[in-house]
Amino acid sequence: MRKSISYLAGAGLMALAIPISATALAQDEAPPPPAETSTDMTPDQTAAYDSWPPDQQAAYDAWPMETRGYYWTLAPNRQELFWRLSDEDRVLITSMSGPDRESTWEIIEARAAGGEAPPAEPAQEPAEEPMPDGGS
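So this is what it looks like as structure tokens:
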């Protein structure tokens, strides 16, 4: 009987030790260092990145790698417009296929040419208010 209790106590401690060990390991692992620049950037891209203000560099560093890579494929006018988009829209346009992406860029450029900032969501027309009963 004494051996059974020892085995049960040992098994109970082992069950507790596994989650604690996993938690301890997770805490011991150092978080990856912030990506200041992509190692895939050309010298010209690195120079452009280095010329940006710190808040713009931080925004770029927060983008997924696919979005960073896509940014450098854009023409300079589209790069400028890309900065005006929300982070969600940047990731969304990065994930689009060629034809969808191109039609989206046409909309963004048309809105920018009209003096409007590209909206994060499509603009909705305000609902017309009904006229009071006495009005004609």
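The opening position of the sequence shown corresponds to residue 1072 in the working numbering, with each subsequent residue numbered one higher.
Here a beta-carbon is modelled for each residue, glycine too, at the ideal position from N, C-alpha and C.
What you are looking at is a predicted structure, and each value in this text was computed from that prediction instead of being measured.
Next on the checklist: Is the beta carbon of Leu1152 closer than 8 Å to that of Ala1183?
Outcome noted: The sequence position of residue 1183 within the sequence shown is 112, counting from 1. The sequence position of residue 1152 within the sequence shown is 81, counting from 1. For the pair Ala1183 and Leu1152, the CB atoms are nearer than the 8 Å cut-off.
Checklist entry - Roughly how many angstroms separate the alpha carbons of Ile1164 and Ser1122, rounded to a whole number? => result Taking the first residue of the sequence shown as position 1, residue 1164 is located at position 93. Taking the first residue of the sequence shown as position 1, residue 1122 is located at position 51. Looking at the backbone, the Cα of Ile1164 and that of Ser1122 are separated by about 25 Å.
Checklist entry - Sorted by chain position, which residues of the same chain lie with C-beta nearer than 7 Å to Tyr1141's C-beta, five sequence neighbours on each side aside? => result Counting from one through the sequence shown, the residue named residue 1141 turns up at place 70. The beta carbon of Tyr1141 sits closer than 7 Å to the beta carbons of Thr1165 from its chain, once the five residues preceding and following it are set aside; these are given in chain order.
Item to check | Beta-carbon proximity list for Val1162, same chain, < 7 Å, skipping 5 on both sides | outcome: Taking the sequence shown and counting its residues from 1, the one referred to as residue 1162 is at position 91. Cβ neighbours of Val1162 beyond the five flanking positions: Pro1135, Thr1138.
Checklist entry - For Leu1156, which of helix, strand or coil comes out of DSSP? => result Here the question's residue 1156 lines up with position 85 in the sequence shown. Three-state result, Leu1156: coil.
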